Amino acid sequence: MAAFGAALTVVVAVGLGVLFTRWIGLALDSATLTPPERVPFLGGGQPEVHAWSRFHVRYYAMALLFLAFDMEMVFMYPWAVVFVEEGAVALAEMLMFIVILLLGILYAWREGALEWA
Amino acid sequence: MGLRRALARLAAAAEAPVFPVIGAGGRSVAGEIALLGGVRVVDSPRAANVLLVVGGITPGLLAPLLQVHDQLPTPRATVWWPGEPVEHQDLRTVLGEVVVARPGDGDTLRGVFAELVGGGRLSDPPALPDDEPAEWRGVGPYGQGGTGMTGGVPYGRPLAKRSPDPDGLELDQLPLRIGPMFPPLPPGLILDIALQGDVIREVAVGDNPFLGHPDGPAPAGLDTALFLEAARRPQPVATIELARARHHLRWAAGTLRLHGLASESLRVLRLARALRPEHALEVETLARRLRGRRSLSWATRGVGVVTPAQVGFGPVARAAGVAVDARLDDPAYDGIGFSPVVNDGGDARARLRQRLAEAAQALDLANRAGARVRQPGPALEGPRGPLSAGEALPSAALVDLLPRLLVGQEWGDAMTTVASLDLDLEEAAAGARAGAPA
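Listed in order, the protein sequences are those of chains G and W. Just so we're aligned: 60 in the numbering used here is position 60 of the first sequence, and the numbers increase by one with no gaps anywhere. Numbers given in the numbering used here equal positions in the second sequence, counted from 1, plus 1000.
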């Protein structure tokens, strides 16, 4: 019963909170805007078309590149586990691996994958 | 109600957010607005409470002005600095409640703002009728104005048409008319652009709002008025060079503001206001400090490259490595060691460095010229290019360059490019109207 009372208190409190914020919103929203007041600012004009438009996600090449290299980092976990046992050999192997990846990044860079437009 | 009064007093003590609209002949005062104490110049009417109209409103500027006026949130007020020739549209007949003040009068701006937020002054009513530009209420199955989200007409406005993208995609191309009161662009410039994402695909320059009023003000209201005057009457070389340095510094302040360096911009404006020939060292220090700003260099390097073949005059050509300058053939500059400053690259960064170097050089020349007086006759090198009787003013040719420069640029680069050319639409209109500065 005590749990039910606590739950009821929470529900009532949340309900009152929602009503209160709604009331504040309505109280502040006393100014009704005319259509010319609502349009986006373009320096004195009105837009002719609606701004729901499909545009190019230009960072997709960068996002793919990031994902690829992010996954490569997963290989570093088992390496870190055996690093103390293996010592310098592990270090050299990881360096070789990273150099190969770095060459990949340089290649992507040269091919313009990091260009925005 | 004590709390309400206390809050109103607190609000009235804040800086007045002002959105300036620059009309005909208003450019020469425009630089001073940011320096007024207790006033904050904002970049959008949405952030302002006071609309400040500087200069005359031509017929071409009237409709955009009403639109911008209505975009200020309430409470709003309008202040007008008409300047000398009040021969344009009287704003009081269109907007009703307009406070007319002397140009440069910051007290009125602050006073109007304090009254407005203190409740002593009613907000301006909207200037445009309460009509939907396109009827949409009740149209469509859900009353949303169209037949669907893709291909419909939501809220009465059609969706953008698709067109090919360089990556082989078909993407929406948003047609927009930007200006003539869009702060990153020079006052009066209207650009009809087609945007794909943030890349500009098509550009056309709209009608110049300063044109089409043959009885409008003479070029006396231009920010280069002193140079046009000097092309006709004898004028001390020191005066001309000081005005040149001031012009370049004001331009630099605008560019810095565009790049988000607002406090640096204010510092440059202050330097420009109190500029004297002895300040050559300060200008050189400023140029060196701006060179060291990495963000500014990155944002302007390689942006908006103008080749000497496109523009063969003024600082724009000199920034591309061409040593053309009307002062070379001007006897008034003989024997004071004048040789044109040049830069290479022809991009926005070169133009910034060029103009700062020219400002420092102009102060140096003003020092060395002494009491030398320039006689009219040969072409006079103005801050944008040569001014000579019978030839068009330099701004017109620079405006014509815009479509070729801007197509393919990203939005930010395009704004950088436009700012770097130092355009004045009023000068372009004056040149087109008279055919000559004289």
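Backbone N, C-alpha and C fix where the C-beta goes; we use that ideal spot for every residue, glycine too. The structure presented is a predicted model; accordingly, all values stated were derived computationally and were not measured.
Stretch-stretch touch, CB-based, cutoff 8 Å, three pairs: the segment 21–41 of chain G with the segment 1069–1082 of chain W
Short answer: they touch.
Given residue 1052 (chain W), which residues of its chain have a CB within under 6 Å of its CB, disregarding the five upstream and five downstream residues?
If you ignore the 5 residues before and after residue 1052 (chain W), its C-beta comes within less than 6 Å of the C-beta of 1018, 1020, 1079, all in its own chain and listed in chain order.
Mind the definition here: the segment 1348–1364 of chain W touches the segment 1235–1249 of chain W only if three or more C-beta pairs lie below 8 Å; say whether that holds.
Flag = yes, the segment 1348–1364 of chain W and the segment 1235–1249 of chain W touch.
Residue closest to residue 1109 (chain W), alpha-carbon to alpha-carbon, out of W:1091, W:1119, W:1016
Proximity to residue 1109 (chain W) across W:1091, W:1119, W:1016 peaks at W:1016, based on C-alpha coordinates.
Going by C-alpha to C-alpha distance, which of W:1348, W:1346, W:1347, W:1317 sits closest to residue 1340 (chain W)?
Looking at the Cα atoms, W:1317 is the closest of the given residues.
Give me whichever residues DSSP pairs with residue 963 (chain W) in a beta bridge.
One cannot answer for residue 963 (chain W) here, as it falls past the ends of chain W, which runs 1001 to 1438.
Let's see if you can read the secondary structure: which residues bound the alpha helix (DSSP H) around residue 1395 (chain W)?
First-last of the alpha helix (DSSP H) with residue 1395 (chain W): 1394–1406.
Straight-line CA distance for residue 8 (chain G) to residue 25 (chain G)?
Going by C-alpha positions, residue 8 (chain G) is about 26 Å away from residue 25 (chain G).
Please state whether the Cβ-Cβ distance between residue 1283 (chain W) and residue 1359 (chain W) is less than 7 Å.
In this structure, residue 1359 (chain W) lies closer than 7 Å to residue 1283 (chain W) by Cβ.
Considering only DSSP beta bridges, list what residue 1080 (chain W) is partnered with.
Note: residue 1080 (chain W) is bridge-paired with W:1053, W:1100 in the DSSP secondary-structure output.
Selected residue, minimal CA-CA separation from residue 1351 (chain W), among W:1327, W:1252, W:1393, W:1375
Relative to the Cα of residue 1351 (chain W), the nearest Cα in the group W:1327, W:1252, W:1393, W:1375 belongs to W:1252.
Best match in W:1028, W:1192, W:1074, W:1186 for proximity to residue 1403 (chain W) [C-alpha to C-alpha]:
Of W:1028, W:1192, W:1074, W:1186, the residue nearest in Cα terms is W:1192.
Extract the residue ranges of the beta strand (DSSP E) inside the segment 1126–1196 of chain W, only unbroken runs of 3 or more that lie entirely within it.
Whole beta strand (DSSP E) segments, 3+ residues: 1161–1164, 1170–1178, 1191–1196.
Step through the CB atoms of chain G and report whether any lies within less than 7 Å of the CB of residue 1217 (chain W).
For residue 1217 (chain W), the pLDDT reaches just 48, beneath the cut-off of 50, and the residue's location in the model is therefore unreliable, although a value from the coordinates is still provided. Taking Cβ atoms only, chain G never reaches closer than 7 Å to residue 1217 (chain W), which makes this a no.
Should the segment 1176–1193 of chain W be regarded as contacting the segment 41–59 of chain G, the criterion being three or more beta carbon pairs within less than 8 Å?
A contact is defined here as three or more CB-CB pairs under 8 Å, and the segment 1176–1193 of chain W meets this definition with respect to the segment 41–59 of chain G.
Counting only C-beta atoms, is residue 115 (chain G) closer than 7 Å to chain W at any point?
Taking 7 Å as the threshold, the shortest C-beta distance from residue 115 (chain G) to chain W does not fall below it.
List, from N- to C-terminal side, the alpha helix (DSSP H) runs of 4 residues or more that fit wholly inside the segment 27–88 of chain G.
Segments of the alpha helix (DSSP H) lying fully in the segment 27–88 of chain G: 35–38, 60–74, 76–86.
From residue 1116 (chain W) to residue 1204 (chain W), what distance separates their C-alpha atoms?
The straight-line gap from Cα to Cα measures roughly 40 Å.
Is the distance from the Cβ of residue 1382 (chain W) to the Cβ of residue 1224 (chain W) below 7 Å?
When the beta-carbon positions are compared, residue 1382 (chain W) and residue 1224 (chain W) come within less than 7 Å of each other.
Name, going along the chain, the residues of the segment 1129–1140 of chain W whose beta-carbon falls closer than 8 Å to a beta-carbon of chain G.
Listed by position along the chain: 1129, 1130, 1131, 1132, 1133.
On the CB-based measure, 16 or more other CB atoms within 10 Å of its CB, does residue 1338 (chain W) come out buried or exposed?
Result: buried.
Name the one or two DSSP bridge partners that residue 1040 (chain W) has.
Checking the DSSP bridge columns, you'll see residue 1040 (chain W) partnered with W:1017.
Stretch-stretch touch, CB-based, cutoff 8 Å, three pairs: the segment 1405–1422 of chain W with the segment 1297–1305 of chain W
A contact between stretches requires three or more CB pairs, one per stretch, nearer than 8 Å, and the segment 1405–1422 of chain W meets this requirement with the segment 1297–1305 of chain W.
Short check: CB of residue 1429 (chain W) to CB of residue 1211 (chain W), under 7 Å?
Judged by their CB atoms, residue 1429 (chain W) and residue 1211 (chain W) are nearer to each other than the 7 Å cut-off.
With burial defined as no fewer than 16 other Cβ atoms inside 10 Å of the residue's Cβ, what is the status of residue 1523 (chain W): buried or exposed?
Because chain W here runs from 1001 to 1438, residue 1523 (chain W) falls outside it and cannot be looked at.
With DSSP collapsed to three states, give me the class of residue 1439 (chain W).
As displayed, chain W neither begins before 1001 nor continues past 1438, which places residue 1439 (chain W) out of reach and without an answer.
Any beta carbon from chain W within less than 7 Å of residue 110 (chain G)'s own beta carbon?
False, the Cβ-Cβ gap to chain W never drops below 7 Å.
DSSP bridge partner residues for residue 1373 (chain W) (one or two, in chain order):
Beta-bridge pairing links residue 1373 (chain W) to W:1236.
For chain W, check one thing: does any of its Cβ atoms lie closer than 7 Å to the Cβ of residue 42 (chain G)?
With 7 Å as the cut-off, residue 42 (chain G) counts as an interface residue toward chain W.
Just the C-alpha distance for residue 1058 (chain W) and residue 1064 (chain W), rounded to the nearest angstrom, thanks.
Their Cα atoms are separated by approximately 11 Å.
Using a 10 Å radius around the Cβ and a threshold of 16 neighbouring Cβ atoms, would you call residue 1169 (chain W) buried or exposed?
Under the 10 Å beta carbon count, residue 1169 (chain W) is surrounded by fewer than 16 other beta carbons and is classified as exposed.
Interface residues of chain G facing residue 1181 (chain W) [CB-CB closer than 8 Å]
By Cβ distance, chain G contributes 43, 44.
Out of W:1007, W:1172, W:1142, state which residue places its alpha-carbon closest to the alpha-carbon of residue 1119 (chain W).
Considering only alpha carbons, the answer is W:1007.
Nonlocal neighbours in the same chain, by C-beta distance under 8 Å from residue 1089 (chain W), ignoring five residues either side:
Only 1056, 1057, 1058, 1059, 1062 meet the Cβ criterion.
Taking Cβ positions, are residue 1123 (chain W) and residue 1076 (chain W) nearer each other than 7 Å?
A contact, by the Cβ cut-off of 7 Å.
Is the Cβ-Cβ distance between residue 1159 (chain W) and residue 1165 (chain W) less than 7 Å?
No.
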